[in-house]
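Only one structure is covered here, and it is reproduced in the block below.
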Amino acid sequence: MFSNKSKFFIGVIVSIFLSLMNVNVYAQQTPVTPTQPTQQNVPSNTNNKSTNVSIAVVDFEKVIIGSKAASGLKNEIDQMTKNYQTELAKQEDTLRAAERSIQMERDKLTQDQFQKKKDGLMAQANQYQTSAQQKKKQLQQMSDNGVKTIRTTMIDILRDLAKQRGYTLVLDKQFVILSADGFDITNEVIRLVDQKLPSLKSTAAPATPAPAVKQ
């Protein structure tokens, strides 16, 4: 019979299967710390002793989540995750079938032969584990890169709006306790992001197939 250790390695596939369901499409959605206005990106009037302050408020999180590009990214990652989960389920079934086959041959094998087959199966389980971890990392990297692109596009748009309209401050809504409705330009920014970046190019690299189980 197989030891608990060998069953553990086969069980790893199940845990990796479940972990793939937890790829965070908005993992990079960390708070953006407001920076001090600079001559480069915020209009200023150094000739006047006093400067009129013009403020705009934007819900950064809503822009990122609500954009068409983010929606497309999420759909693509969801589909890839589903495909990976199907592949992992097949790998798990293959490992379990190989385990049963070796167990049935136990009486026909010498101790060394049995140990060799068992070690080979455990090595295969490790290879599947590594493959699954790489796929999860690939999905997360794809998500991170996509969100970063959306955020960069949003910042570029806000910089242009600040120059056009003379905004001296553009604040992330999560840092604002109260503001009049007229200050919030979130919906307009979403519309402009959708115009400039309607979709994202897929950055997914082809997955390396896991080697077949040797029985």
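Counting the sequence shown from 1 gives a position; my numbering is that position plus 983. Ideal Cβ positions, reconstructed from N, Cα and C, are used throughout, including at glycine.
| field | Buried/exposed call for M1125, threshold 16 Cβ in 10 Å | value | The residue is buried, with at least 16 neighbouring Cβ atoms inside 10 Å.
| Exposed or buried, which one is L1175 when buried takes at least 16 other CB atoms within 10 Å? | buried
| Hey, L933 and I1085 are a contact pair by Cβ (cut 8 Å); roughly how many whole angstroms apart? | This structure leaves residue 933 out entirely; the chain is present only between 984 and 1198.
| query | Hey, K1156 and V1041: beta-carbon distance below 8 Å or not? | reply | Yes, these two residues count as a Cβ contact at 8 Å.
| Under 8 Å, do V1153 and A1039 count as touching if we go by C-beta distance? | yes
| message | Cutting at 8 Å between CB atoms, please list the residues of its own chain near D1164, excluding the five before and the five after it. | response | none
| Touching or not, the region 1062-1079 and the region 1131-1140, by the rule of three or more beta carbon pairs under 8 Å? | no
| message | By the three-class DSSP mapping on this structure, what secondary structure does D1177 have? | response | Of the three classes helix, strand and coil, the one that applies to D1177 here is helix, per DSSP.
| said: DSSP three-state label for Q1124, please. | reply: helix
| request: Quick one: grab the DSSP three-state call for N1024. | output: No answer about N1024 holds up, because its pLDDT of 47 lies below 50 and its placement is not dependable.
| query | Would you say K1045 and T1136 are within 8 Å of each other, going by their C-beta atoms? | reply | no
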